[in-house]
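**Q** Right, I'll just put the structure down here and ask away after.
2 protein chains.
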Amino acid sequence: MSRQKDLVLEILNGSRGHLSAAQIYESARERIHNISLGTVYRDLGELCRDGYIGRFVLSDGSSVYDRTPFPHGHLVCSECGRIDDIEDPCLMDDLNRITAGTLISAEIVAEHICPDCRSSINRAKA
Amino acid sequence: MSRQKDLVLEILNGSRGHLSAAQIYESARERIHNISLGTVYRDLGELCRDGYIGRFVLSDGSSVYDRTPFPHGHLVCSECGRIDDIEDPCLMDDLNRITAGTLISAEIVAEHICPDCRSSINRAKA
DNA sequence: CTCAAAATCAGTAATCATTCCTAATTACTA
DNA sequence: TAGTAATTAGGAATGATTACTGATTTTGAG
Chain X
0 MSRQKDLVLE
10 ILNGSRGHLS
20 AAQIYESARE
30 RIHNISLGTV
40 YRDLGELCRD
50 GYIGRFVLSD
60 GSSVYDRTPF
70 PHGHLVCSEC
80 GRIDDIEDPC
90 LMDDLNRITA
100 GTLISAEIVA
110 EHICPDCRSS
120 INRAKA
Chain S
0 MSRQKDLVLE
10 ILNGSRGHLS
20 AAQIYESARE
30 RIHNISLGTV
40 YRDLGELCRD
50 GYIGRFVLSD
60 GSSVYDRTPF
70 PHGHLVCSEC
80 GRIDDIEDPC
90 LMDDLNRITA
100 GTLISAEIVA
110 EHICPDCRSS
120 INRAKA
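Keeping their order, the protein sequence lines are chains X and S. Residue numbers for the first sequence follow numbering that gives the first Met the number 0, so the first one is 0 and each next one is one higher. Residue numbers for the second sequence follow numbering that gives the first Met the number 0, so the first one is 0 and each next one is one higher.
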């Protein structure tokens, strides 16, 4: 594992995951000033392929990368953009049942309003 | 509704859905030879916004458009690329529960092996 | 009808995320 | 240490999508 690849992995593990390639690139430049975006993409791709990290596609078609390689759903808050994991195992159980055990990968991205924003909205109303 | 927009909608309704903008553009050119790709994109965007059709993002970041605007999951066969709807309501029920009723939209794309390809593979083994 | 305002169009340029390419650098191996 | 393989930085190329522009079509009030 090269210095660049190691840094990319470290940045992702140091965050709560859910970073775009551009965000990781920005962070990485603080430590390796001339690291290239292409390298970040290549390393992210290899880390995905080798099962170190995960990746999922937002509804605008761009990708974000995840600390954990295990398939799980994501909640995107439509107010603040915050991304959380879906811990509930029901969804994957359902998908395994529906695909008769042939499930290879799953992308679940649900847009909702996160608890914090729900509170704000309720306060604003009151 | 313009002639172009109407044609776009008709093409989508005439298919089983799940067409890319480029595919719709190709079909449309058979009837309006000089229709432009930009028009197809604009009309698809408006049809989505106005609730006539749906749209979802594949794992490569590109979009396909769907006859039905109601949120539902999709199964993509990793062997043949075929896309089917998930009829099972459990997934949406789960998501509604998980988001405490604040679910706005959901993208579910599961990669699996479709029944046809499962059969082929089993035949090949035998 | 008639004509002007509004909507829509075709065509093309621009954008954005991502991938590809290449020559140079670095790391491994014997 | 010399040779080879892997990896890099930087930039060019790609592909999907969006934005722009001037021309054309539609619409609706008089």
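Cβ atoms here follow ideal geometry from the backbone N, Cα and C, with glycine treated the same way.
#1: Taking CB distances under 8 angstroms as the criterion, tell me whether S/A21 reaches chain X.
#2: Under a three-way DSSP split, which group does S/C116 fall into?
#3: Measure the CB-CB distance between S/G72 and S/A109 and report whether it falls below 8 angstroms.
#4: Between S/A27 and chain X, is the shortest Cβ-Cβ distance under 8 angstroms, so that the two count as touching?
#5: If the criterion is Cβ atoms closer than 8 angstroms, does the pair X/I107 and X/I85 meet it?
#6: Going along chain S in order, which residues have a C-beta closer than 9 angstroms to the C-beta of X/H71?
#7: According to DSSP, is X/Y64 part of a helix, a strand, or is it coil?
#8: My assumption, with CB atoms under 8 angstroms, is that S/G16 sits in contact with S/D65. Please give the rounded CB distance.
#9: What does X/H111 reach in chain S if we use C-beta pairs closer than 7 angstroms?
#10: Considering only C-alpha positions, which residue in the set X/S62, X/S118, X/D87, X/N33 is nearest to X/A20?
#11: What three-state label does DSSP hand S/G13 in the structure shown?
#12: How would you label X/G53, buried or exposed, when you count the other beta carbons within 10 angstroms and need 16 or more for buried?
#13: What residues of chain S sit near X/C79, judged by a beta carbon separation below 7 angstroms?
#14: Taking buried to mean at least 16 other C-beta atoms within 10 Å of its own C-beta, is S/P70 buried or exposed?
#15: Over what stretch of residues does the alpha helix (DSSP H) that includes X/D83 continue unbroken?
**A** Result, derived from the coordinates:
#1: Working through the second sequence from its first residue, we reach residue 21 of chain S at position 22. By this cut-off, S/A21 is not an interface position.
#2: As a first step, residue 116 of chain S must be located in the second sequence, where it is residue number 117. The three-state reading of DSSP puts S/C116 in helix, counting H, G and I together.
#3: Within the second sequence, residue 72 of chain S is the residue found at index 73, counting from 1. Within the second sequence, residue 109 of chain S is the residue found at index 110, counting from 1. Yes. Within cutoff.
#4: On the second sequence, residue 27 of chain S is found 28 positions in, with the first residue counted as 1. No, because no Cβ of chain X sits closer than 8 angstroms to the Cβ of S/A27.
#5: The count along the first sequence starts at 1 and reaches residue 107 of chain X at position 108. The count along the first sequence starts at 1 and reaches residue 85 of chain X at position 86. Closer than 8 angstroms, so yes.
#6: Counted from its first residue, the first sequence places residue 71 of chain X at position 72. Per Cβ cutoff of 9 angstroms: no residues; X/H71 is ~12 angstroms from chain S at best.
#7: Your numbering for residue 64 of chain X matches position 65 in the first sequence. In the structure shown, the three-state DSSP call for X/Y64 is strand.
#8: Numbered from 1 along the second sequence, position 17 holds the residue referred to as residue 16 of chain S. Numbered from 1 along the second sequence, position 66 holds the residue referred to as residue 65 of chain S. Between S/D65 and S/G16 the Cβ distance is about 4 angstroms, and since that is below 8 angstroms, they are a contact.
#9: One-based indexing of the first sequence puts residue 111 of chain X at position 112. For X/H111, the chain S residues whose C-beta falls within less than 7 angstroms of its own C-beta are T98, T101, L102, I103, listed in chain order.
#10: By 1-based counting over the first sequence, the position of residue 20 of chain X is 21. When C-alpha distances from X/A20 are compared across X/S62, X/S118, X/D87, X/N33, the shortest belongs to X/S62.
#11: To locate residue 13 of chain S, count along the second sequence from 1; it is residue 14. Correct three-state label for S/G13: helix.
#12: For this step, residue 53 of chain X is matched to residue 54 along the first sequence. So X/G53 ends up on the buried side.
#13: Along the first sequence, read from residue 1 onward, the residue named residue 79 of chain X stands at position 80. Going along chain S, no residue has its Cβ under 7 angstroms from X/C79, so there is no contact; the nearest lies around 13 angstroms.
#14: Counting from 1 along the second sequence, the entry for residue 70 of chain S is found at position 71. When all chains shown are included, S/P70 counts as buried.
#15: Translated into the one-based positions of the first sequence, residue 83 of chain X becomes position 84. X/D83 -> not in any alpha helix (DSSP H); beta strand (DSSP E) instead, spanning 82-84.
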